[in-house]
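Heads up, the sequence shown is in my numbering, so the first residue is 1 and it goes up one at a time. Glycine included, each C-beta is placed from N, C-alpha and C at the ideal position. Model, not experiment: these values are computed from the prediction.
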Amino acid sequence: MQLSEEVNGRPAKKTKKLSLRLQDPYLEREKVKYSNPLPSREFVLQILEEQGVPLFPHELASMLSIDMDELQFFERRLRAMEREGQVIINRKGAVCAAQKLDLLKCKVSGHRDGYGFAVPQEVVAEDVFLPEREMRKVMHGDLVMVRVAGTDRRGRQEGRIVEVLERAVTQLVGRIHLERGVWRVTPEDRRINHDVLIEPGAQGAAQDGQVVMVEILVQPEEYRQPIGQVIEVLGNYADPGMEIEIALRKHDLPYQFPDEVSAQAKATPKKVRKKDIKDRVDLRDLPLVTIDGETARDFDDAVFAEKQGKGFRLVVAIADVSYYVQPNDALDKEALNRGTSVYFPRRVIPMLPEALSNGICSLNPDVERLCMVCDMQISGKGEVKRYKFYPAVMRSKARLTYNRVWDWLQHGSDNELLPNIQTLYSLFKVLLTSRSNRGAIEFESTETQMIFDDNGKINTIVPVVRNDAHRLIEECMLAANVCAADFLLKNQHKCLYRVHEGPTPEKLENLRAYLRLVGLSLGGEDKPTAKDYAKLAEQIQGRPDVPVLQTMLLRSMQQAVYTPDNNGHFGLAYDAYTHFTSPIRRYPDLLVHRSIKAVLAGQKYKPGKWAQLGVHCSMTERRADDASRDVESWLKTYYMRDKIGDVFVGEISAVTSFGVFVLLDGIYVEGLVHISELGKDYFHFRKELQAIVGEKSGVQYRLGDRLKVKVMRADLESARVDFALVKEDLVATPKDKSALVAAKEETNAPRRRRGGRRPSVAIQKDAAPPTPVSKPTATGRSVARSADAQPPASRRRTRKPRSTGKD
């Protein structure tokens, strides 16, 4: 880059250049941040827009009085602005304001069928469709600049990729194959549609068909596949534990602690010291107990309750992780990176090293532990009248399990802790009444657990009986979480709230349309409340289609997220809600603890940009859920391999344009009956009916219908189980003339050309069904779980059993 004394061919006076730079409205801000301030990004963009034409870097530098000593720093600023999508440097080297070019900064979201979407970083903009030819240039997750080039046949905005700002995929996991002397790796992540060519000799010790980790050496372009080299051979596809190894790498989950993190964890005290309990409330004589699942190893919380007049005192003690994990130390940075512990069947990837998660931070029995306490006074009507937070030292009197506590409550016990448990149970009943009065929504469904053999494969899948001991702890945790949110809100200290907003207008209209078809209605008009949902949920009890209706209610709601903006929790019917009770396994809880401590000390805790932290923590939670879901799907697919040809009866759990998903009775495995297997007819997906309707026969396949199916295929590569219909007359819903007419009207509409998805789908025996992962899911246990995008309870058992209460 060379400086010039001319701008657009005209001499520029030094005095004018200097005065222009001094006009920067953000100059004072830049002076505070830098000892030698440069023109602000905003001012650079302003100059570009005012000029109305692209400017070469030397022209910008001359206009803004950039001297030789500043030049390299100004170049860095321009490159940073390009990376962040504020400017584009065109092929001639001129700098263009991205806004002037009508460009959108987007993240690429790939689809297994080859196309994708450009998801704008600005929330107000709509997603832009990327056809397969554009997706050849990029991979899932890449950051790009996109120009909207028109609309496709479905009326969607279609885009062209102008610039790749940042490559997301530098390594990937997949299966290596040798074809005609050429090694190539097919990614496990189906959203990446490129096979990676392996450089000659770069396959290492990998053998055909094995699972490998690949480093990308050359990124894809429109007419060039990506090129890479094998950096790790994981083993054979069906090796024990391989499904977890794949999921860890596919979802980019941190699973090994860096040396500096392990060193800090090792140096952490193994027991509470005298100096650690200074200025803490002594609760060592209070009979606090932990109540968890049979296999739990890290204990975040302990509880105690006692009667006080007509009300209760509830003490919820939570592990004081923030004492041992300080802001910006090695442990903290790694915990932020992980965001949450990840629970797989038979394996946990903890957020914190075991020395903390199962050791000094865990509220193990009969040892001193540091804790943060929410001490509440609760009325006889279940209302929290007063509360206070304080740091304390405690000693858990027992490590109890849900089943043991429930057995005590049902049959009694001579254990000295029984009176405390009975008081907790009395308090639970009061809190339950308050929950009902508040209008919180809760649905019941079957939870399952996988029982494994010695090789790590499923032996059987059994239902798990949930009792009131689970719900007792849930209500105690909910009360503490609400108090934490209220405390920070009243003290005007920022934190990450757990926000679950109400249904969007589109989802609400879809729900109301379906309810009208079955003779039901939802109150609240355009803005229904949780009470309206709860009232309807109570109204449908006893109906044979209650599981279907619960599914529809849950699908109408949004996902819960972490955000510094308090918009309440719709499903739980709270005006303010946060996560306080699980700092061992959730980073947002750790942030909340630090914020509470800051208020108690009369200080402010400023970890950085709260909004960015919220986005990151929400992402890590979804990432963990996706990884857990992948592992369970693979294990269930493996489980079904020796059941090919067997016949089962099940219930339709989801309806899509390409077929119906059926959840099998007794074994709780789900598979797809492709639309081509439904019968000799043209079938059409009717969204408003949540059904597939035969054009000629009028036969409907709806949510909740019972089907007899045969297991046809269990494909490990796609983790998909395929069924074929055995007796279509077993459950064929009677003809519906209105649906039949609508289907025929849709059939008579002009056919779309190949390449766009059709609203009606004819039988195609060779059609490849999409993966079940992208389908709508059936309901979970409660709205608190559904709001957090948890997979249906009938299909997962990876998190701690009280995931609802922890919300």
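Taking the Cα positions, Ile-88 is about 24 angstroms away from Pro-226.
When the five nearest sequence neighbours on each side are left out, the beta carbons in the same chain lying within less than 7 angstroms of the beta carbon of Phe-344 are those of Ile-244, Ser-628, Val-631, Thr-798, in order along the chain. Contact between Trp-406 and Ala-305 fails: their C-beta atoms lie close to 17 angstroms from each other, not under 8 angstroms.
A straight-line Cα-Cα distance of about 32 angstroms links Pro-607 and Asp-292.
Your pair Val-211 and Arg-167 does not check out as a contact, with CB atoms roughly 23 angstroms apart and the cut at 8 angstroms. Within the same chain, and ignoring the five residues on either side of Asp-102 in sequence, the residues whose Cβ sits closer than 8 angstroms to its Cβ are Arg-147, Val-148. Residue range 505-517 is occupied by the alpha helix (DSSP H) that includes Glu-509. Only residues of its own chain outside the window of five on either side were considered, and among them Val-393 have a CB closer than 6 angstroms to the CB of Ile-277, listed in chain order.
Within the same chain, Gly-382, Arg-471, Glu-475 come within 8 angstroms of Leu-432 by CB-CB distance, once the 5 residues on both sides are set aside. Between Val-95 and Leu-78 the beta-carbon gap is near 6 angstroms, inside 8 angstroms, which marks them as a contact.
In this model, Asp-127 and Ala-118 are separated by some 6 angstroms (Cα to Cα). Residue pairing for Phe-117: DSSP places it in a beta bridge opposite Ser-109, Phe-129. By the Cβ rule, the region 474-488 counts as touching the region 590-605, because three or more pairs are nearer than 8 angstroms. Rounded to the nearest whole angstrom, the CA to CA distance from Lys-494 to Thr-578 is 11 angstroms. Distance from the Cα of Lys-710 is smallest, within the candidate group Thr-186, Lys-643, Arg-720, Val-693, for Lys-643.
Per DSSP, reduced to three states, the secondary structure at Thr-268 is coil, with no helix or strand assignment.
In this structure, the alpha-carbon of Pro-269 lies about 15 angstroms from that of Ala-319.
Nearest to Val-546 by C-alpha distance, out of Asp-705, Asp-575, Glu-670, is Asp-705. Sequence-distant partners of Ala-263 (beyond 5 residues in either direction) whose C-beta falls short of 6 angstroms from its own C-beta are missing from its chain. Cβ atoms of Val-499 and Gly-568 come within 8 angstroms of each other, at about 7 angstroms.
By the CB criterion at 7 angstroms, Leu-165 and Leu-143 fall inside the cutoff. In this structure, Asp-195 sits near Arg-184, with a CB-CB distance shorter than 7 angstroms.
Take Phe-685, set aside five residues on each side of it, and the residues of its chain with a beta-carbon closer than 6 angstroms to its own are Ser-657, Ile-692, in chain order.
Residue pairing by DSSP places Ile-461 opposite Met-450 in a beta bridge. In this structure, the beta-carbon distance from Ile-231 to Met-213 falls below 7 angstroms.
Inter-residue distance for Ser-426 and Val-315 is about 15 angstroms (C-alpha atoms, whole angstroms). Looking at the DSSP output, Arg-184 sits in a beta bridge with His-177, Leu-197. Across the set Arg-83, Lys-92, Asp-69, the C-alpha of Lys-92 shows the shortest separation from the C-alpha of Phe-56.
By the C-beta criterion, the region 579-588 is judged not to be in contact with the region 529-545, since fewer than 3 inter-stretch pairs fall below 8 angstroms.
Secondary structure note for Val-44: its alpha helix (DSSP H) is the uninterrupted segment 41-51.
According to the DSSP secondary-structure assignment, Glu-354 is paired through a beta bridge with no residue. If you draw a straight line from the Cα of Gln-23 to the Cα of Val-32, it comes to about 17 angstroms. Look at Ser-653 here: in three-state DSSP terms it is strand. Counting the other CB atoms within 10 Å of its CB gives Asn-193 a total of 16 or more, which places it among the buried residues.
Taking Glu-260 as the centre and dropping the five residues before and after it, the same chain places the C-beta of Ala-330 closer than 6 angstroms to its C-beta, in chain order. Within the same chain, Glu-158 come within 7 angstroms of Gly-150 by CB-CB distance, once the 5 residues on both sides are set aside.
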